[in-house]
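So the structure is just underneath, and the comments pick up after that.
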Amino acid sequence: MAEAVWILGINMTKFGKYPDRDVIDLASEATLAALKDAGITMKDVGILAYGNLMGQTSGQILQKQIGQTGIPVFNVANACATGATALRTAIMAVKAGEVDFGLAVGVEKLAGAGLLAGGTVGAASDVWEPKGRFGAVTPIDGRVGTETMPGVFAQIGQEYGYRHHVEADFELFAKISEKNHFHSTLNPLASYQKAMSLEQIMGDVMIAYPNTRPMCSANCDGAAAAVVVSDAKLKTLSLEQQRRAVKVSASILTSDPYQEACQVLPDVNTLTRAAAISAYEQAGVGPSDLDLVELHDCFATAELVHYDNLMLCEEGGAVDFFKSGATWRDGSTPVNVSGGLESKGHPIAATGIANVWEVCHHLRGEAGDRQIEGAKVGLAHVIGLGSACGVHILEKSAA
Amino acid sequence: MNGAVHMAEQIPLVDYLVLGDSPHLVANECTSCGARFFDHRSACASCSGTEFTKVDVGTEGTLRTFTIVSMAAPGIDVPFVPGIVDCDGTSAKGNIVNTPADPEHIKLGMKVRLTTFPIGTDAEGTEAIGFGFEPMEVQ
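See the structure below:
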């Protein structure tokens, strides 16, 4: 077992709309705040891992605003798991003993972006001509299934009900969304902090059945950054830094292993379960030890399947698990007390660090009104289609 | 209608759709592990084998999952019903057609069959033929 790695400082900007600030302004804000939270400066940082999936900026551009120190920069991209990948990269560098301090940053500007993916196969031409790996004569989005995320994840949620012979219907998925919107009312950094009734959610604009608009992740702007430190270095820092440091008990990244059907509908189950198994083993904790979970509810239909994939419930038992009230903030396994992607928002590359920030906030006992009392262990999960899954298990410092 | 029977030249929407008297999908099957793929292959995603053989995919199957898309990219007609159909162990992606696009008519587990239809004619008069899956029994 390699030596432990700790989160020394972490920050997220408020998620929302920033028409007057660019990607680097947001990344700078989160990064400078994370460094301050850690009690170090850019001069101490040995590696920067940076993610900005849609904006095409780089860690080097960020450094030109906050400190060009000549350190190696890893610009990473892993769909919606980009932030977790940046964090994992920084953790690996510390674990490898190459650096004492690593910095991970994720940032995105997505406010008003609308539907992501879909219609990307190319424009139709005047003459039918087979093109691409399927020899398609015209763009196939809409003609052979859908490429848009709400539709893909709707099918993923519906498939769960079919595979396990359980009633995962429109109302059930809407109730998951109701929970997350309720949770968001306590999170001042969420894009939307508005409780919504079941009727409001089900009656809102249908995007891809059974996902209505409030059941989809909110496109917004935001950034998050984390400073990680080696165990040996942490021991040389102040008692206050040691007390607030959060232990990274597990840091796992997986991709989707082959199985039948995974190339006609992305399979987000296999790689999440594999990541969870590895993470629990690495951390030496089980699902019942978790005081809170931030999981990738990019759509309400996705949250349900991840209860099962993360083994928060028995296999096939996600519907009953949710209906028991377990995942509400006063339940046995609070899930997405931040409001989740559906209300907190989903600035893609920031998400995989922002969910770690949320967990750390509770473990440090600094979550204010939404504090999960006595939280000692938490799990943060993201999925990027294609696919990539990041799982981090975090533990409160014993110091 | 002018009554003239003109058999336009046809081309399938995708190269894994075979037209003719009994339209069907074809897959590239890995000769070493049996995994099936609809796209042009470099190697097998399951076992990394590089030998493939063309196999016909069954035209009847069971609807494993679906969604009803109400909002899509510009130029795509909505609503439509993407689904995944289990055709005797080979999962195929396609739209569910010839039935109203609502959850009262589209049911998980329902039996469906492949059907083809024209999707348009190009500047040279060639007609492209698409495919979908239609319910085998009226719901």
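Residue numbers (the numbering used here), protein chains in the order written: chain A, 26 to 424; chain B, 50 to 188.
Note that the Cβ used here is the ideal one computed from N, Cα and C, for glycine as well.
Proximal chain A residues relative to residue i, where beta-carbon distance stays under 7 Å
| i | result |
| --- | --- |
| S140 of chain B | E285, A286 and V289 |
| A177 of chain B | W153, V162 and T163 |
Sub-9 Å separation of residue i and residue j beta-carbons
| i | j | result |
| --- | --- | --- |
| D135 of chain B | L157 of chain B | no |
| V273 of chain A | I373 of chain A | no |
| A249 of chain A | G131 of chain A | yes |
| G71 of chain A | I96 of chain A | yes |
| E383 of chain A | S202 of chain A | no |
| Y234 of chain A | T114 of chain B | no |
| L112 of chain A | G415 of chain A | yes |
| A299 of chain A | P312 of chain A | no |
| I418 of chain A | C105 of chain A | no |
| T237 of chain A | I226 of chain A | yes |
| E109 of chain B | L163 of chain B | yes |
| D256 of chain A | E420 of chain A | no |
| K68 of chain A | A215 of chain A | no |
| A58 of chain A | L128 of chain A | no |
| V230 of chain A | S119 of chain B | yes |
| V119 of chain A | V253 of chain A | yes |
| I60 of chain B | T175 of chain B | yes |
| A413 of chain A | L296 of chain A | yes |
| K258 of chain A | F126 of chain A | yes |
| A141 of chain B | V162 of chain A | no |
| G364 of chain A | H208 of chain A | yes |
| V318 of chain A | L197 of chain A | no |
Under 8 Å by beta carbon: chain A residues contacting residue i
| i | result |
| --- | --- |
| T99 of chain B | Under the 8 Å cutoff, chain A gives no residues; its nearest Cβ is about 15 Å from T99 of chain B. |
| F129 of chain B | G167 and T171 |
| T114 of chain B | Q180, I181, Q183, E184, Y187 and L290 |
Amino acids of chain B, ordered along the chain, whose beta-carbon sits closer than 9 Å to that of residue i
| i | result |
| --- | --- |
| D151 of chain A | D171, A172 and E173 |
| A325 of chain A | Those do not exist, as A325 of chain A stays about 13 Å from chain B at its closest Cβ, beyond 9 Å. |
| A136 of chain A | The contacting residues do not exist; A136 of chain A stays about 18 Å from chain B at best. |
Amino acids of chain B, ordered along the chain, whose beta-carbon sits closer than 7 Å to that of residue i
| i | result |
| --- | --- |
| A129 of chain A | In chain order: nothing, as chain B lies at least about 30 Å away. |
| E192 of chain A | Those do not exist, as E192 of chain A stays about 10 Å from chain B at its closest Cβ, beyond 7 Å. |
| P155 of chain A | D64 |
| Q307 of chain A | By Cβ distance, chain B contributes nothing, its closest Cβ being about 27 Å from Q307 of chain A, past 7 Å. |
| G176 of chain A | T116, V118 and P131 |
| R158 of chain A | D88 and H89 |
Host alpha helix (DSSP H) of residue i (start-end)
| i | result |
| --- | --- |
| L140 of chain A | Counting along the chain, L140 of chain A falls outside any alpha helix (DSSP H), and DSSP gives it neither H nor E. |
| I116 of chain A | T107 to K120 |
| V127 of chain B | Element bounds for V127 of chain B: n/a, residue is neither H nor E. |
| V252 of chain A | Element bounds for V252 of chain A: not the alpha helix (DSSP H) but the beta strand (DSSP E), D246 to S255. |
| I295 of chain A | Correcting the residue identity first, residue 295 of chain A is Thr in this sequence and not Ile. N294 to A308 is the span of the alpha helix (DSSP H), which, as asked, contains T295 of chain A. |
| M227 of chain A | L223 to G228 |
| L335 of chain A | Per DSSP, L335 of chain A belongs to no alpha helix (DSSP H) and is neither H nor E. |
| E54 of chain A | V48 to A63 |
Host beta strand (DSSP E) of residue i (start-end)
| i | result |
| --- | --- |
| T376 of chain A | Where T376 of chain A is concerned, there is no enclosing beta strand (DSSP E), although the alpha helix (DSSP H) it sits in stretches over I373 to L388. |
| T102 of chain B | F101 to V106 |
| K142 of chain B | T139 to N144 |
| M37 of chain A | V30 to M37 |
| V273 of chain A | V271 to S280 |
| F178 of chain A | Per DSSP, F178 of chain A belongs to no beta strand (DSSP E); it is in the alpha helix (DSSP H), M174 to H189. |
| G403 of chain A | V402 to G409 |
| K160 of chain B | K160 to T170 |
| N205 of chain A | Note, N205 of chain A: premise wrong, no beta strand (DSSP E); alpha helix (DSSP H) at F195 to S209. |
| V318 of chain A | L317 to E319 |
Chain-ordered chain A contacts of residue i [CB-CB under 9 Å]
| i | result |
| --- | --- |
| G110 of chain B | Here the premise fails: no neighbours, minimum Cβ distance about 12 Å. |
| A92 of chain B | Result: empty, since nearest Cβ-Cβ is about 11 Å, beyond 9 Å. |
Presumed contact (8 Å Cβ cut-off) between residue i and residue j, rounded CB distance
| i | j | result |
| --- | --- | --- |
| Q267 of chain A | A424 of chain A | 4 Å |
| G108 of chain A | G76 of chain A | 6 Å |
| E173 of chain B | V152 of chain A | 6 Å |
| A84 of chain B | S95 of chain B | 4 Å |
| F99 of chain A | C245 of chain A | At roughly 25 Å, the Cβ-Cβ gap does not stay under 8 Å, so F99 of chain A and C245 of chain A are not in contact. |
| F324 of chain A | M221 of chain A | Not a contact, Cβ separation roughly 15 Å. |
| L315 of chain A | T358 of chain A | 6 Å |
| F159 of chain A | D88 of chain B | 5 Å |
| P131 of chain B | N144 of chain B | 6 Å |
Where residue i meets chain B, residues with beta-carbon distance less than 8 Å
| i | result |
| --- | --- |
| A233 of chain A | T116, I117, V118, S119 and M120 |
| L140 of chain A | M120, A121 and A122 |
| R354 of chain A | Under the 8 Å cutoff, chain B gives no residues; its nearest Cβ is about 29 Å from R354 of chain A. |
When you check each C-beta in the segment 139-165 of chain B against every C-beta of chain A, which residues fall closer than 7 Å?
For the segment 139-165 of chain B, which is checked against every Cβ of chain A, the residues closer than 7 Å are S140, A141, K142, G143, N144, P152, L157 and G158.
For the segment 160-173 of chain A, which residues have a CB atom closer than 7 Å to at least one CB atom of chain B, in sequence order?
If the cut-off is 7 Å between Cβ atoms, the segment 160-173 of chain A has G160, A161, V162, T163, I165, D166, G167, R168, V169, G170, T171 and T173 near chain B.
Beta carbons nearer than 9 Å to chain A: which residues of the segment 68-90 of chain B have them?
Result list: A84, R85, F86, F87, D88, H89 and R90.
Using a Cβ-Cβ cut-off of less than 8 Å, list which residues of the segment 210-231 of chain A approach chain B; keep chain order.
Cβ contacts with chain B: V230 and M231.
Residues of the segment 117-128 of chain B with a CB closer than 9 Å to any CB of chain A: list them in chain order, please.
Listed in sequence order: I117, V118, S119, M120, A121, A122, P123, G124, I125, D126, V127 and P128.
Give, in chain order, every residue of the segment 319-345 of chain A whose Cβ lies closer than 7 Å to some Cβ of chain B.
Cβ contacts with chain B come from no residue of the segment 319-345 of chain A.
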